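The structure under discussion appears below in the form of structure tokens.
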Amino acid sequence: MLDYETLRLVWWGLIGLLLIGFAIADGMDMGVGTLLPFLGHTDHERRVIINTVAPHWDGNQVWLIAGAGCIFAAWPAVYAAAFSGFYFAMMAVLTALFLRPVGFDYRSKIDDTRWRGAWDWALFTGSAVPAFLFGVVFGNLLQGVPFHLNSFLKPHYDLGAFSALPALLNPFALLAGLISVMMLTVHGAVWLQLRADKVVAERARGVVSWVAPLVTVLFGLAGLWVFYGIEGYRIVSQPALDALPNPLAKEVVRAPGAWLDIYTTMPLAMLAPIAGLAAPLLVWALSRLRRPGLAILPSALTLTGIISTAGLSMFPFVMPSSSNPGSSLTIWDAASSALTLKVMLVALGIFLPLVLLYTTWCYFTMWRRVTVKEIEENTHQAY
Amino acid sequence: MIDETFVELSRWQFGAVAMYHFVFVPLTLGLIWILFIMEAVFVMTGKEIYRDMSRFWAKLFAINFAMGVTTGLTMEFQFGTNWSYYAHYVGDVFGAPLAIEGLMAFFLESTFVGLLLLGRDRMSRKAYLGVVFLTAVGTNFSALWILIGNAWMQNPVGAEFSPETMRMEMTDFFAVVFNPVAQVKFIHTVAAGYVAASMFVLGISAWYILKGRDLAFAKRSFAVAAGFGLAASMAVIVLGDESGYELGDVQKVKLAAIEAEWKTEPAPAAFTLFGLPDNEDMETDYAIRIPWVMGLIATRSLDKQVTGLDDLIDQHEVRIRSGMIAYGALDAIRNGADTPETRATFDAHKNDLGYGLLLKRYVENPQTASEEQILKAARDSIPKVSYLFWSFRIMVALGFLMLAYFAASFYFLAKGTLDKQRWLLRLLVYSIPLPWIAIEAGWFVAEFGRQPWAIGEVLPTFLATSALTSADIITSLAVYLVFYTALLAIELFLLFRFARLGPSALHTGRYHHERQAKAADAAASPTSAA
Chain A
-11 MLDYETLRLV
-1 WWGLIGLLLI
9 GFAIADGMDM
19 GVGTLLPFLG
29 HTDHERRVII
39 NTVAPHWDGN
49 QVWLIAGAGC
59 IFAAWPAVYA
69 AAFSGFYFAM
79 MAVLTALFLR
89 PVGFDYRSKI
99 DDTRWRGAWD
109 WALFTGSAVP
119 AFLFGVVFGN
129 LLQGVPFHLN
139 SFLKPHYDLG
149 AFSALPALLN
159 PFALLAGLIS
169 VMMLTVHGAV
179 WLQLRADKVV
189 AERARGVVSW
199 VAPLVTVLFG
209 LAGLWVFYGI
219 EGYRIVSQPA
229 LDALPNPLAK
239 EVVRAPGAWL
249 DIYTTMPLAM
259 LAPIAGLAAP
269 LLVWALSRLR
279 RPGLAILPSA
289 LTLTGIISTA
299 GLSMFPFVMP
309 SSSNPGSSLT
319 IWDAASSALT
329 LKVMLVALGI
339 FLPLVLLYTT
349 WCYFTMWRRV
359 TVKEIEENTH
369 QAY
Chain B
6 MIDETFVELS
16 RWQFGAVAMY
26 HFVFVPLTLG
36 LIWILFIMEA
46 VFVMTGKEIY
56 RDMSRFWAKL
66 FAINFAMGVT
76 TGLTMEFQFG
86 TNWSYYAHYV
96 GDVFGAPLAI
106 EGLMAFFLES
116 TFVGLLLLGR
126 DRMSRKAYLG
136 VVFLTAVGTN
146 FSALWILIGN
156 AWMQNPVGAE
166 FSPETMRMEM
176 TDFFAVVFNP
186 VAQVKFIHTV
196 AAGYVAASMF
206 VLGISAWYIL
216 KGRDLAFAKR
226 SFAVAAGFGL
236 AASMAVIVLG
246 DESGYELGDV
256 QKVKLAAIEA
266 EWKTEPAPAA
276 FTLFGLPDNE
286 DMETDYAIRI
296 PWVMGLIATR
306 SLDKQVTGLD
316 DLIDQHEVRI
326 RSGMIAYGAL
336 DAIRNGADTP
346 ETRATFDAHK
356 NDLGYGLLLK
366 RYVENPQTAS
376 EEQILKAARD
386 SIPKVSYLFW
396 SFRIMVALGF
406 LMLAYFAASF
416 YFLAKGTLDK
426 QRWLLRLLVY
436 SIPLPWIAIE
446 AGWFVAEFGR
456 QPWAIGEVLP
466 TFLATSALTS
476 ADIITSLAVY
486 LVFYTALLAI
496 ELFLLFRFAR
506 LGPSALHTGR
516 YHHERQAKAA
526 DAAASPTSAA
């Protein structure tokens, strides 16, 4: 079957796939949630917005759960170092996410303006804050995280969890966070054009008309920043690629422009940033032409392009260490054993296609434009 | 060596978020099958009242489900955020069931629950029944994979330590999946969830019957819950007994601690029904003992011994000494002295490496431990007996009490005199919290009884933490508790509100409050007055 080297490469792709799946599926809910207080002017309109994603957001969120689970199984070292290293950022993501399940279910159960208004902002927070922080985390990964592994491979942080916070919110990371929110907002706005009452859909179209080009501009800016302002990481020497994982056995240097190496060694990788730059403009054009059904494709491509660019640029790094580059985690030395990777490959190969199949059926079954009239008629059943 | 306060705080945080999560999970596990039963009866008979039952209980299901998802999020990330060394050390094995849970079960449950709550009108009755069924399957499979993971923490089979990668690695996936501990644990746990959901439906329905409202609705709900609960509570008890047998086999320490079996007795051992275990002097005061019973439960024989804690501590001391040798060999292998001799030494002692690590609580390098430290570590190798002794007895007593409730409910229902048994109905209303107490006590026995290990005999809990500080944990623990408690208060507010409203919450016009309102309207309007 697959050798250990190939398995690790495949798993790098699969984790990327799960993250992209998360962005396309749950990112859409997060975009919708971010737009909720702004595009819904009346209670009915806000309920229209909520009900376009109400039957699906929970399944979509599992992309995050399954993604985290697969990182645990396939890259335990990354799961250990990243989640504890970004301790308070993770906590902020989690507490914000707490608000979504209850927000969706509880909001319309009580007919009271203040109650519903509070839950609307809870849903906004539960959508915008995680979207922003996921971007911030990627922004920090690109710059390297100050951690090292001790001889027993336990991750230690060279700043405490508290003092790491200001460093976490550095300008480049803030830009990455902004890109993340904006790209998901566009994605959510395209969805609302497809599924929400015409009044709301028209407002969503207005959002796309300026946010989509903004995504291209911000992403381009981030690209220039990486080109001119950020030192990448480069492996000088490491054990053979089929050796047992040992994160402490390699030599790594920081070098300007190292994050661009992949685009010279493998020019095809250029497709990712090109997609990240061009696809938002395509979304913009199709949205202007009132073709949201087509616009959803380049919208998904935008997310794919931007996330892939981050992943490809860092290849084979997953979590570089700024304070002790030798402790950096790569797809080769953060991976699980060959057996675990195989078992998980089989599990993913069986279940992910099934998930896509029944999720499609669910979307198909619930497919309609949610109108204000429908909400009025179903006021006790709808969310 | 080890910051005890920090370890304690990390454990408190894990305990708190896990216990909170398991307030919501059991109801989900059981109520989904109750919904399925009601929906199935509706599809088969076409009687509207069964659809109303399914719709009403689904409302309460949804309120609870949302909190289950919310508190479950933390669980998925907690091993990385707060137990990073655990994550590194056993992620190769433990990560797999957790990831498969997401892919196989949680996706299924979460994708279909949206249609369960909002899609009834958009598909045929049979398709909708299928949706409920798939949600139920997803929910229960979810429990299966989580318990496979948890069982591996109790009884780590199918894995081996690798000195090169400095972690446990999977050697046999099917051994992990078919861990005997997982099998019994799964059925015991989901059946406990069914009991909780049955008590919930039974208690609320009893309240409607006491109030004399929506009787047709309430009695049918009562009947479903009584039948389901009776079967489930028997399953819990049988599988609980099976767990006792399995403990006698693979988790001798936990068994001895639960039973306060301080000294090995001649077989068959007596069962201590009641008493006051004293952790310091290692004896139980005022013990009431039933001869033979314990030996029968744990070994299913009259001639096999149940090992007492004193002998277990002695055995552990031997293993600690062997673990010191394993640690020394590991140290040599990782620091360039990877000779066939050190390998042979390591292989001979590697199964005791975990015991060697117990010394890290007192000394940086276990090889240099003093005699006194070895004895202290051996003494650490058993959990605190009194807590386990008591929580176990609370769990078992409540289990039997609930079995009696279900049996009585079933009996009077069948006899047709349920309405007259107002004592029973009242008792049922106030007993709604009992299954939760039993379940939390049960988890306490399972998890506290595993101490001092995060992974049984492999990784001590105090080594499994992240490199954080006490201040970090105090902050996060406070934030979690504030959020969880606020959300729990909101959840209970909604549950009470909708439970009081009863089926009138469906706005069909057929139930108590709406009929009352209609009657009041009619009485107040001038035409009817004339």
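In order, the protein sequences belong to chains A and B.
Going letter by letter, the first sequence gives residues -11 to 371 in this note's numbering.
Going letter by letter, the second sequence gives residues 6 to 535 in this note's numbering.
Backbone N, C-alpha and C fix where the C-beta goes; we use that ideal spot for every residue, glycine too.
These figures come from a predicted structure and were not determined experimentally.
Contact list for residue i against chain A, beta-carbon separation under 9 Å
i: S15 (chain B); result: Per Cβ cutoff of 9 Å: no residues; S15 (chain B) is ~11 Å from chain A at best.
i: I604 (chain B); result: Lying before the first or after the last residue shown, residue 604 (chain B) is absent from chain B, which here runs from 6 to 535.
i: I37 (chain B); result: Near I37 (chain B) there are no residues of chain A at all, since even the closest Cβ is about 14 Å away, more than 9 Å.
i: N536 (chain B); result: There is no way to answer for residue 536 (chain B), as the model of chain B reaches only from 6 to 535.
i: E322 (chain B); result: What E322 (chain B) touches in chain A: nothing, since even the nearest Cβ is about 24 Å away.
i: M175 (chain B); result: S324, S325, L327, T328, V331
Cα-Cα separation, residue i to residue j
i: S147 (chain B); j: V117 (chain A); result: 28 Å
i: S129 (chain B); j: E114 (chain B); result: 20 Å
i: Q188 (chain B); j: E251 (chain B); result: 10 Å
i: S414 (chain B); j: S168 (chain A); result: 56 Å
i: S533 (chain B); j: R104 (chain A); result: Residue placement at S533 (chain B) is flagged as unreliable, the pLDDT there being 48, under the threshold of 50; a coordinate-derived value is accordingly withheld.
i: T10 (chain B); j: D146 (chain A); result: 21 Å
i: I37 (chain B); j: G359 (chain B); result: 41 Å
i: H512 (chain B); j: T75 (chain B); result: 28 Å
i: T140 (chain B); j: Q521 (chain B); result: 36 Å
i: I38 (chain A); j: G21 (chain A); result: 8 Å
i: Q378 (chain B); j: K259 (chain B); result: 23 Å
i: A177 (chain A); j: L408 (chain B); result: 54 Å
i: A161 (chain A); j: A197 (chain B); result: 47 Å
i: T304 (chain B); j: K257 (chain B); result: 11 Å
i: G19 (chain A); j: G114 (chain A); result: 11 Å
i: A70 (chain A); j: Y90 (chain B); result: 12 Å
i: S15 (chain B); j: D57 (chain B); result: 45 Å
i: N366 (chain A); j: R125 (chain B); result: 12 Å
i: L336 (chain A); j: L108 (chain B); result: 7 Å
i: E369 (chain B); j: D319 (chain B); result: 23 Å
i: K52 (chain B); j: A231 (chain B); result: 20 Å
i: G280 (chain B); j: M287 (chain B); result: 13 Å
i: A535 (chain B); j: K523 (chain B); result: Confidence at A535 (chain B) is low in this model, with a pLDDT of 41, below 50, so its placement is unreliable and the value that follows should be read with caution. Whole-angstrom Cα-Cα distance: 17 Å.
i: V182 (chain B); j: D246 (chain B); result: 22 Å
Residue i - partner residues in DSSP beta bridges
i: E219 (chain A); result: A:P244
i: S225 (chain A); result: A:E239
i: W458 (chain B); result: B:P465
i: L270 (chain A); result: Partner(s): none; L270 (chain A) has no beta bridge.
i: H136 (chain A); result: A:H144
i: L281 (chain B); result: B:D290
i: L317 (chain A); result: A:M307
Amino acids of chain B, ordered along the chain, whose beta-carbon sits closer than 7 Å to that of residue i
i: K97 (chain A); result: L499
i: D46 (chain A); result: V74, S115, V118, G119
i: H144 (chain A); result: A472
i: I53 (chain A); result: E81, G107, F111
Partners in chain A for residue i, counting only beta-carbon separations shorter than 7 Å
i: R127 (chain B); result: T353, M354
i: F488 (chain B); result: T83, F86
Interface residues of chain B facing residue i [CB-CB closer than 9 Å]
i: Y373 (chain A); result: The structure shown does not extend to residue 373 (chain A), since chain A is modelled only from -11 through 371, so no value can be given for it.
i: G148 (chain A); result: L473, T474, A476, D477
i: M78 (chain A); result: F82, G85, T86
Within chain A, partners of residue i - CB distance below 8 Å
i: R339 (chain B); result: S139
Which runs of the alpha helix (DSSP H), 4 residues or longer, sit entirely within the stretch 138 to 210 of chain A?
With a minimum length of 4 residues, the continuous alpha helix (DSSP H) runs that stay inside the stretch 138 to 210 of chain A are 152 to 156, 159 to 183.
Runs of beta strand (DSSP E) lying entirely within the stretch 144 to 196 of chain B, each at least 3 residues, in chain order
Counting only runs of 3 or more, we get 164 to 167, 172 to 175.
Inspect the CB distances between the stretch 172 to 192 of chain B and the stretch 242 to 252 of chain A and report whether three or more fall short of 8 Å.
Taking a cut-off of 8 Å on C-beta distances, the stretch 172 to 192 of chain B does not touch the stretch 242 to 252 of chain A, as fewer than three cross pairs fall below it.
Which ranges would you report for the alpha helix (DSSP H) in the stretch 202 to 274 of chain B if only whole runs of at least 4 residues count?
Runs of alpha helix (DSSP H) with 4 or more residues, each lying fully within the stretch 202 to 274 of chain B, are found at 220 to 255, 257 to 263, listed in chain order.
Would you check if there are 3 or more beta carbon pairs closer than 8 Å linking the stretch 195 to 206 of chain B to the stretch 169 to 182 of chain B?
The answer is no - the stretch 169 to 182 of chain B does not touch the stretch 195 to 206 of chain B, with fewer than three Cβ pairs under 8 Å.
Mind the definition here: the stretch 382 to 398 of chain B touches the stretch 256 to 272 of chain B only if three or more C-beta pairs lie below 8 Å; say whether that holds.
With the rule of 3 Cβ pairs closer than 8 Å, the stretch 382 to 398 of chain B counts as touching the stretch 256 to 272 of chain B.
If you pair each beta-carbon of the stretch 58 to 76 of chain A with each one of the stretch 95 to 109 of chain B, do three or more pairs fall below 8 Å?
Enough Cβ pairs lie closer than 8 Å, so yes.
Could you pull out every unbroken alpha helix (DSSP H) segment of at least 4 residues lying fully inside the stretch 387 to 460 of chain B, listed in chain order?
Taking 4 residues as the minimum length, the alpha helix (DSSP H) runs contained wholly in the stretch 387 to 460 of chain B are 390 to 420, 427 to 435, 439 to 453, in order along the chain.
Validate contact between the stretch 235 to 248 of chain B and the stretch 353 to 370 of chain B using beta carbons, cut 8 Å, 3 pairs
No contact exists between the stretch 235 to 248 of chain B and the stretch 353 to 370 of chain B.
With three or more C-beta pairs closer than 8 Å as the rule, is the stretch 139 to 154 of chain A touching the stretch 459 to 476 of chain B?
The stretch 459 to 476 of chain B makes contact with the stretch 139 to 154 of chain A, as at least three CB pairs between them are under 8 Å.
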